[in-house]
Ligand code: ASN
Ligand code: ZN
Ligand code: CA
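Put into structure tokens, the structure is as follows:
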């Protein structure tokens, strides 16, 4: 009675026309992806409680690319869940957010003018607001990957969401949200080192955060200092986001997928980078095998160097580049 339909067409708001997997039940289609644990996407229709209703469709062509059509946010959310699942599975061999094959579920159109999106461990689910004037749902790929990565952190290191560990928790979500965006290779939303560049959260088209130089947002820090832990976790994430950028691309000026970056270092010395794939592998290995709930920046340095030793050997060129990059954000020497 139920049949998985792969290569269904979705017209998303932020990622163009995408391929999604739906389920045929009788003569209607449901936004349930049986090929990825059975992830389902629901429409809260502006409620703030419950699950809402499962998106259904009669012709299996979903959304129209416009935020004013309710189904469109469902397409973006389903696509984000799909690409996040595939990123973790194909990059790290991780089988779902908790590595147990279990799907999360996503709810869209939460409340009114709600400018946020969030993961909750208690429901093992994602919730998306519609943004200011209900005009810009927070369903872009990097936001979806960011939020669901909070579930991965909770299932692994469990970084406490305050102080320096909270900044590392937030950075982990920015790092893997960015990993999801690059992984998807979507031409309408190509990979970049910006967070939230598609959702117009500031009303003037600027991104929410910048990984090459976090201070460009006016509040995040580029480098570690002893006062870092007193900041909001979305600002104390700055140095670790900066570390990830420098590991991926190296310091100085660079253009990636048409976006220009210029990344400084703490002492002005340049660092070469180890490539984005290695940077992601380093952070994932650190998160899942070395970090704990109380890891701070100093411990993240030594723990990630243990991960680098496991991956590439102590004293290897890659290991040494990782050590130098921690110094480039003001951690260690
Ligand atoms: N969007 C916010 C975040 O992921 C929501 C939250 O739960 N703090 O950091
Ligand atoms: Zn977050
Ligand atoms: Ca981005």
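In the UniProt record's numbering, the protein residues as written are 232 to 564.
The beta carbon of each residue, even a glycine, is placed where N, CA and C say it ideally should be.
Alpha carbons only, please: which of the options is nearest the one belonging to residue i?
i           : options               : result
residue 525 : 391, 350 and 264      : 391
residue 481 : 468, 489 and 500      : 500
residue 560 : 424, 235, 272 and 478 : 478
residue 521 : 462, 387, 460 and 415 : 387
residue 476 : 513, 289, 237 and 397 : 513
residue 504 : 533, 558, 413 and 420 : 558
residue 448 : 454, 455 and 440      : 440
residue 300 : 351, 323, 368 and 342 : 368
residue 212 : 484, 494 and 329      : In the structure as shown, the chain starts at 232 and stops at 564, and residue 212 therefore has no counterpart that could be examined.
residue 461 : 547, 281, 341 and 393 : 393
residue 408 : 254, 374 and 430      : 374
residue 343 : 334, 389 and 363      : 363
residue 308 : 318, 336, 327 and 287 : 336
residue 311 : 348, 467 and 397      : 348
residue 434 : 399, 474, 365 and 397 : 365
residue 425 : 530, 492 and 544      : 492
residue 352 : 333, 429 and 266      : 333
residue 542 : 465, 523 and 511      : 511
residue 282 : 317, 318, 355 and 427 : 355
residue 400 : 457, 378 and 418      : 378
residue 361 : 287, 397 and 277      : 277
residue 496 : 485, 509 and 474      : 474
residue 431 : 255, 370, 233 and 509 : 370
residue 250 : 483, 417, 429 and 328 : 417
residue 395 : 483, 530 and 316      : 530
residue 509 : 389, 323 and 330      : 323
When you compare the CB positions of residue i and residue j, do they come within less than 7 Å of one another, or not?
i           : j           : result
residue 516 : residue 538 : yes
residue 314 : residue 450 : no
residue 402 : residue 472 : yes
residue 263 : residue 269 : yes
residue 411 : residue 376 : yes
residue 437 : residue 502 : no
residue 305 : residue 279 : no
residue 293 : residue 247 : no
residue 490 : residue 423 : yes
residue 532 : residue 562 : yes
residue 470 : residue 455 : yes
residue 244 : residue 303 : yes
residue 468 : residue 459 : no
residue 235 : residue 266 : yes
residue 398 : residue 464 : yes
Would residue i count as contacting chain C if we go by Cβ distances under 7 Å?
i           : result
residue 305 : The structure shown has no chain C; it contains just one protein chain.
Under three-state DSSP, which class holds residue i?
i           : result
residue 464 : helix
residue 411 : helix
residue 500 : coil
residue 534 : helix
residue 487 : strand
residue 395 : helix
residue 236 : strand
residue 426 : strand
residue 551 : helix
residue 472 : helix
residue 493 : strand
residue 454 : coil
Contact check, residue i vs residue j under 8 Å by CB: the rounded distance?
i           : j           : result
residue 358 : residue 384 : The Cβ separation is near 17 Å, so there is no contact.
residue 443 : residue 372 : With 8 Å as the limit, residue 443 and residue 372 do not qualify as a contact, their Cβ atoms being about 19 Å apart.
residue 253 : residue 260 : 5 Å
residue 540 : residue 550 : 6 Å
residue 274 : residue 340 : 6 Å
residue 325 : residue 413 : Actually they are not in contact, since the Cβ atoms of residue 325 and residue 413 sit about 17 Å apart, beyond 8 Å.
residue 239 : residue 295 : Not confirmed; about 14 Å, so no contact.
residue 554 : residue 536 : 6 Å
Ignoring anything shorter than 3 residues, give me the beta strand (DSSP E) runs that lie fully in the UniProt domain "Peptidase M4" (240 to 384), in order along the chain. 248 to 256, 259 to 261, 270 to 274, 336 to 341, 348 to 351 and 356 to 360
Just to confirm the assignment: which complete alpha helix (DSSP H) runs, minimum length 4, are found wholly within the region 505 to 535? 507 to 520
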